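Student: Residue numbers (the numbering used here), protein chains in the order written: chain X, 134 to 1008; chain L, 34 to 147.
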Amino acid sequence: MKNKKHTPPKFFLNFFRWFCHPEMSDYIEGDLMEVYDRNLKKLGKGKADWKFIIDVILLLRPGIIKPRKAYQNLNSYSMYKSYFKIGWRTLFRNKDYALMNIAGLALSITCCLLIFTLVKHHLSFDNFHENNEQIYRIVTEMHSENEHYSTGVPTPLGTLVRDNQTFSEKTARIYIHPNALITLPEEEEKIKYKEASGVTFAEPEFFNIFNFHLVEGSIESSMNALNSAIISERLAVKYFGDKNPIGKTILLENDLEISISGILKDIPDNTDFRSEIIVSFPTFKSFMPWLASDDFWSGISGNLQTYVVLNPSTPTYEAEEALTYYAQEYPINKQTKSVYKLQALSDIHFIDRFGGGVIDKNHLWILSAIGIFLLLTACVNFINLATAQALRRAKEVGVRKTMGGQRRQLFWQFMVETGIITAISIFIAIIAAYILLPNLNNLYETNLRLALFTDRSLILFIVVLGLVITFLAGFYPGYLLGGFQPITAFRQKLSQQHIGGFNLRRTLIVSQFVISQVLIISLIVVINQMRFTKNADLGFDKEAIVMVKAGDYAISKMEAVKNECYRLPGVEQVSLCNNAPASADKWETDILRGNSQEKMDFLINMKLVDANYVSTFNLDIIYGRNLIVSDTVMEILVNETLVELLGIINPNDALGSHISVNSGNMKGQIVGVIKDFHDRSFHEAISPTILASASRHYSHFAIKIDPQDIQSTLEGLRSIWQGNYQDQVYEYAFLDDRIEQFYLTENMMLSGIQMFTIIALCISCLGLYGLISFMVTQKTKEVGIRKVMGGGEIHIMWIFGKEFVLLIGLGFVIASPIGWWLMQRWLQDFAFSIQIDIWTFAIAGIGTLIIAAATVSYQVLRVAFLNPVLSLKAE
Amino acid sequence: MKDYQLGEFEEIVLLTVGILNNVAYSIGIKDEIESRLSRTVSMGALHTALKRMEDKDYLRSYAGEATEERVGRPRRYFEITALGKKALQHAKATREQLWAAIPDTIWQAKLMGI
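1. Mind checking who Lys732 (chain X) pairs with in its DSSP beta bridge?
2. What's the gap between the Cα of Met134 (chain X) and the Cα of Ala622 (chain X)?
3. Just grab the DSSP bridge partners of Met922 (chain X) for me.
4. Determine whether the Cβ of Tyr204 (chain X) lies closer than 8 Å to any Cβ atom of chain L.
5. Taking only beta-carbon positions, decide if Met166 (chain X) is within less than 8 Å of chain L.
6. At a CB-CB cut-off below 8 Å, which residues of chain X make contact with Ile66 (chain L)?
7. Beta-carbon separation of Asn682 (chain X) and Ser832 (chain X) under 8 Å?
8. I'd like to check one pair, Phe506 (chain X) with Asn234 (chain X): are the Cβ atoms closer than 8 Å?
9. Roughly how many whole angstroms lie between the Cα atoms of Thr81 (chain L) and Asp182 (chain X)?
10. For the structure I just gave you, are there three or more beta carbon pairs, one from the stretch 699-717 of chain X and one from the stretch 738-751 of chain X, closer than 8 Å?
11. Please go through the same chain and pick out, in chain order, the residues whose beta-carbon is closer than 7 Å to the beta-carbon of Ser94 (chain L), but skip the five residues on each side of it.
12. Which residues, taken in chain order from the stretch 68-92 of chain L, show a beta carbon closer than 8 Å to some beta carbon of chain X?
13. Cα separation between Ser1009 (chain X) and Ile660 (chain X)?
14. Is it right to say Asp375 (chain X) is buried, meaning 16 or more other beta carbons lie within 10 angstroms of its own, or is it exposed?
15. How about the stretch 487-504 of chain X and the stretch 281-299 of chain X: do they share at least three Cβ pairs that are nearer than 8 Å?
16. What does Ile60 (chain L) reach in chain X if we use C-beta pairs closer than 7 Å?
17. Determine the chain L residues that contact Asp159 (chain X) at a beta-carbon separation under 7 Å, and present them in chain order.
18. To which residues of the same chain is Phe148 (chain X) closer than 8 Å at the C-beta, ignoring the five residues directly before and after it?
19. Near Gly864 (chain X), what residues of its chain come up, given a Cβ to Cβ distance below 8 Å and the 5 sequence neighbours on each side ignored?
20. What residues are listed by DSSP as bridge partners for Gln213 (chain X)?
21. On the three-pair Cβ rule with 8 Å, is the stretch 260-272 of chain X touching the stretch 516-536 of chain X?
22. Does any CB atom of chain X fall closer than 8 Å to the CB of Glu102 (chain L)?
23. Could you tell me which whole alpha helix (DSSP H) segments of length 4 or greater appear in the stretch 248-327 of chain X?
24. With contact counted as at least three CB pairs below 8 Å, one residue from each stretch, are the stretch 400-414 of chain X and the stretch 331-341 of chain X in contact?
25. Residues of chain L with CB closer than 7 Å to the CB of Ile197 (chain X), please, in chain order.
26. Where does Ser75 (chain L) fall in DSSP's three states?
27. How close, in whole Å, do the beta carbons of Gly980 (chain X) and Ile654 (chain X) come, if the pair is a contact with beta carbons under 8 Å?
28. Between Val704 (chain X) and Ile836 (chain X), which are expected to be in contact by the criterion C-beta below 8 Å, what is the C-beta distance as a whole number of angstroms?
29. Which parts of the stretch 651-713 of chain X are runs of the beta strand (DSSP E), unbroken and 3 residues or longer, counting only runs that do not cross its ends?
30. With the cut-off set at 8 Å, would you say Gln618 (chain X) and Leu960 (chain X) are in Cβ contact?
31. Alpha carbons only, please: which of X:Asp786, X:Ile197, X:Leu770 is nearest the one belonging to Gly801 (chain X)?
32. Within the continuous alpha helix (DSSP H) that includes Gln542 (chain X), where are the two ends?
33. Thinking C-alpha only, which one of X:Leu778, X:Thr333, X:Tyr372 is nearest Thr416 (chain X)?
34. Can you tell me whether His276 (chain X) is buried or exposed, with buried defined as 16 or more other CB within 10 angstroms of its CB?
35. Okay, do the stretch 842-851 of chain X and the stretch 751-762 of chain X touch, 3+ Cβ pairs below 8 Å being the bar?
36. Is Glu777 (chain X) near Lys808 (chain X), with beta carbons less than 8 Å apart?
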């Protein structure tokens, strides 16, 4: 507005412009203004405004409102075509910008796609069953001195619920036997398979509750008959190839003969029921008579699970109330108060409290948040780069506007350009996601697929993502470009005021660097902690020790195998034991001191070992002597922690005293004290531990081998083992690998952080590059003048250098405490952890600085060494 | 009759355009009507009427000068066309016909009534 007096209410003026017929709008607007002007002089602003509003409202009548679209008889197709053409040309003219934009967007879209697939996969678990809202698993909470949770319930509970309760419409019990050994006896050569997903014994109702379909056979006949099973199509092919599997026999654990009477359609990926062999429940009685017994209330197994379909009219709390009767009537044991709860099917995949949860839902939300964050930063960078570039396009805008281009059209032109970039990025991202998916599958042990053409939600996601990105990234630059006044654009008077605040950009860059530095700090701390867990002295040797499970636990055979092993040249030591010094499975038991009947108020970790154990693992006996082998517990070695807990100040005094463990069943005399070793992961403190000799409990060979010639020794061990245990499948693991398994989550997290650190760094560098290009464009002339006046290159580089040093420094100041706090919390999960030292921060700060310097150097050097003639002559 | 449709307000506007002769534009017309007939005229009603009569070819318009108080928007001047004049004539004639047809006694009775 040239005349400041004329300020009628903007809203109503715009409203008028919007509804008025374009033929008349100019004249009527002029009238409105004239009247307004007059009223303003005569009546003052308030009344004039009011009259203006009334006038506008009275103008809203049929003769004046524009007809719907009728006047727009233009065919705008050719205009859109031109948008695309110009967009494409601009893209090619500014290859570097286009490339950076596309790279940034593609990177974040790739992450979004992968995260979307992963989150969707996990959320879809077991959602394909009919009535899946109504399916519950009965689980057990046991309250005693310590809480105990289990996915299982006593065996008879399911039957009683089915027969006597109305809250459940269908009830099914299953028993999952994991890691099953399957032998095919009918084939010419006995073939053995280890099925990690195991074998499930299931009642016929299981198939009424869950949607698993048969390809051949019938549930009725297979699941009611004794020793009858159905197997999946995949296993049928694996076991029998082209032959008809129906009627064939398989052998479970070399013991139970089962005949196959049906074929199951392959199990979908998104279910937690993984067993591909389903055996009729009556067979369970012969497989595990004690657990299958109908009056076995005195124990529960997490693998014996009971599922119900709840009557829709019964709320869960009522059903749980009904179950309390059984908990009181048939207590699992006298000391514990047990409570049966219903766990919804949709929670089974996510909640680990009762066991079996695979992923915490929070992880999924965190991942989603990361995806959104990456997307936002990429959009922000796009905006930064695009506005920096806007200056160059000012002339184009000026020409377009002079030729009658409207702001709206310029806006949409830019949106089309953004759309082109987004489309290219999405295309690249899809390809990248395809390439990266196998890695992700490895990392998370999933079997994800990008079903681009069949998965409707994925297609929808991609389309929505494209639109959102185009809008987010294109809106502001488009708005800005469209708003250039042609006259200022031509006179090259545009400056930063016209194209957005500088401080906003700075803030965005700083926040990006805060995040990437926090990630770097976390990365360094996690790597250090992982290195610490790997390299720290555990108190025993873990290198070059192979743990081999015995085929059966007969001591004579184990001794024989042990002696045979010694004949191999690469074998240094062999020890028989129930597990390694640090092991995931442990035998925790109570302890009584001397002849007292009073149990101590802690549990001990008991390891049953032979005399070689100490030398095989190089344990350190600090007082007393080693064990002498015996069939039952006679002599005991204790660790320092136990000595301390027993209240013995001088460990020497412990020697000779008697303790009994395992409810008094094992009694022995302490003959030695060993130095503490880490019997668990670093998450937990060292537990009080005893080593005792009891040959009937040995289950493993711990074999220390010569690291020089591992391969042939392993071969030798295998053939000895196979020779002795022909029916079994040879399994071995290196102890250090087993210990590595303790830190599975941490290692998974580590690779996740690694990935996100790299991505976040890339994106923040893109942002920085955008900022520096923007500054360079701004200051080209300034630099020219400085050079003419005698400014050196170093001086000029510092003009830009100080900018990014400042930004990163600020980012570092914010990131350090955040990173420190986060990592301090993370380290609290470990009983044994490193200290976060100053170097962590130093590396993070200096590293970022170097990377950032590399990012900006091209632009800065270019402008610093530019001949001032070039920058100054263009006026 | 059918050929010359002219509403009451339209007639007034058309007449005013005639009065203003060559300087008739919306605000001018509005002011003229307001001062002569002492009734307020809303811009919406006026513009609708003008547009309708232009569509009926009683008026024609041309763009005029832009002034500062109109923030650069042009005025639009109106003139009566020949058809418009005929319509006015016709309206006047029909009225007079009707006037003439009223018996004089009506007027007297009315006066007496007051």
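No residue lacks a Cβ here, since even glycine has one placed at the ideal position from N, Cα and C.
Only a predicted model underlies this, so the values are computations on that prediction, with no experimental measurement involved.
Tutor: Straight from the coordinates:
1. X:Leu725
2. Residue placement at Met134 (chain X) is flagged as unreliable, the pLDDT there being 39, under the threshold of 50; the coordinate-derived value follows with that caveat. Met134 (chain X) and Ala622 (chain X): Cα-Cα distance of roughly 19 Å.
3. Paired residues: none, contrary to the question.
4. Unreliable positioning characterises Tyr204 (chain X) in this predicted model, as indicated by a pLDDT of 49, which lies under 50. A coordinate reading is not provided.
5. yes
6. In chain order: nothing, as chain X lies at least about 14 Å away.
7. Note on residue identity: the sequence assigns Lys, not Asn, to residue 682 (chain X). Against a cut-off of 8 Å, the Cβ pair of Ser832 (chain X) and Lys682 (chain X) comes out as a contact.
8. no
9. 22 Å
10. yes
11. Glu87, Arg109, Tyr110, Phe111
12. Ser75, Met76, Gly77, Ala78, His80, Thr81, Lys84, Arg85
13. As displayed, chain X neither begins before 134 nor continues past 1008, which places residue 1009 (chain X) out of reach and without an answer.
14. exposed
15. yes
16. Asp164, Glu167, Val168
17. Arg106, Pro107
18. Val189
19. Note that residue 864 (chain X) is Glu in the sequence shown, not Gly. Lys327, Val681, Lys682.
20. Gln is not the amino acid found at residue 213 (chain X); the sequence shown has Tyr there. Paired residues: none, contrary to the question.
21. no
22. yes
23. 288-297
24. yes
25. Gly77, His80, Thr81
26. coil
27. 10 Å between Cβ atoms; not a contact.
28. 6 Å
29. 678-682, 704-710
30. no
31. X:Leu770
32. 540-577
33. X:Thr333
34. exposed
35. no
36. no
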